[in-house]
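Please read the structure below before turning to the comments.
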């Protein structure tokens, strides 16, 4: 491409005609801004890179039939949508991890009893509130967010052994407090 500073409109037209140089310019022009925009929302370098990569890949793959009128607006709306989709998936993943945790608790309780999941969730939250704040935080990071011990230790400025101690302590407290738990159904 012989243009020194092409407009976004020209870049979109060139992109539609399969101009790889136009794509490179778009990438170089917007990558850093999009990265910052997404990172502010999710605070994870790896996930941010993946979202921006997916956005740029989609831009290239759909170049022939896209109806982009304002490139900057299009890119930031697409980044927002992909970020929202990612956040929703993380919420669903967190709910699934909570389900797995409840399942682990169920295994340590007599399986003949019938449980009300809402009551059990409330009971678990109640036990977590009784724990020291650091222990409850580490429990959530480990068992709900599935964060590795080393990462928790770095984030909380603790040793691996201290993190393991808090996890063991929280599980023991949960088992003790929920041992007799059953619904009145």
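Residue numbers (our numbering): 3 to 187. Note that the Cβ used here is the ideal one computed from N, Cα and C, for glycine as well.
Tell me whether residue i sits in a helix, a strand or coil according to DSSP, three-state version.
i           : result
residue 64  : coil
residue 178 : helix
residue 45  : coil
residue 58  : helix
residue 75  : helix
residue 70  : coil
residue 23  : helix
Looking at the unbroken alpha helix (DSSP H) that takes in residue i, where does it start and where does it end?
i           : result
residue 160 : No alpha helix (DSSP H) holds residue 160; DSSP gives it neither H nor E.
residue 10  : 10 to 18
residue 147 : Residue 147 -> no alpha helix (DSSP H), and no H or E assigned at all.
residue 6   : Careful: residue 6 lies outside any alpha helix (DSSP H) and carries neither H nor E.
Mark residue i as exposed unless 16 or more other C-beta atoms lie within 10 angstroms of its C-beta, in which case mark it buried.
i           : result
residue 144 : buried
residue 82  : exposed
residue 128 : exposed
residue 34  : exposed
residue 176 : buried
residue 147 : exposed
residue 16  : buried
residue 130 : buried
residue 10  : buried
residue 140 : buried
residue 95  : exposed
State the Cα-Cα distance for the pair residue i and residue j, rounded to the nearest angstrom.
i           : j           : result
residue 23  : residue 41  : 27 Å
residue 36  : residue 54  : 7 Å
residue 76  : residue 87  : 16 Å
residue 6   : residue 168 : 59 Å
residue 154 : residue 85  : 24 Å
residue 69  : residue 49  : 27 Å
residue 171 : residue 99  : 20 Å
residue 165 : residue 179 : 21 Å
residue 142 : residue 174 : 14 Å
residue 2   : residue 45  : Nothing about residue 2 can be reported from this structure: the residues present for the chain run from 3 to 187 only.
Using CA coordinates, which residue listed in the options is at the minimum distance from residue i?
i          : options       : result
residue 73 : 13, 63 and 90 : 13
Beta carbon of residue i: closer than 7 Å to some heavy atom of the ligand ADP?
i          : result
residue 42 : For the ligand ADP, the structure offers nothing, since it holds no ligand at all.
Beta-carbon of residue i versus every beta-carbon of chain B: anything under 8 Å?
i          : result
residue 61 : The chain labelled as chain B is not found in the depicted structure, where only one protein chain is given.
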